[in-house]
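The following block contains the structure:
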């Protein structure tokens, strides 16, 4: 229901660039975070903090993608 038809083909919406960037940052941030936690490295704290910051930026992109995909009809806007 979020992107239109309830049982239709799923599509990324109007802003596929933000969706792709959010997914890329999610993957990169999670990989850095997990390597920082589980690998025995001297610079583990850098990886954990960098992964967390990248995940925070990906959340910002998710909010932008969701906000730009909201569809409101003209009748509900009272224009």
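Numbering (my numbering), first residue to last: 2 to 80.
For each residue, glycine too, the CB sits at the ideal point set by N, CA and C.
Problem - Buried/exposed call for residue 59, threshold 16 Cβ in 10 Å - result: Residue numbering aside, residue 59 sits at position 58 when the chain shown is read from its first letter. So residue 59 ends up on the buried side.
Handout entry: Close Cβ partners of residue 13 (< 7 Å) along its chain, the five nearest in sequence each way excluded
Key = Position 12 of the chain shown holds residue 13. Cβ within range, chain order: 20.
Handout entry: Unbroken alpha helix (DSSP H) run spanning residue 59, endpoints
Key = Working through the chain shown from its first residue, we reach residue 59 at position 58. 45-69 is the span of the alpha helix (DSSP H), which, as asked, contains residue 59.
Problem - Contacting residues, own chain, Cβ-Cβ under 7 Å from residue 38 (five flanking each side not counted) - result: Against the chain shown, residue 38 aligns to sequence position 37. Excluding positions up to five away in sequence, the list reads 49.
Practice task
Look at the alpha carbon of residue 68 and the alpha carbon of residue 23, and state the distance between them as a whole number of angstroms.
Solution key: As a working note, residue 68 is residue 67 in the chain shown. As a working note, residue 23 is residue 22 in the chain shown. Spanning the two alpha carbons is a distance of roughly 14 Å.
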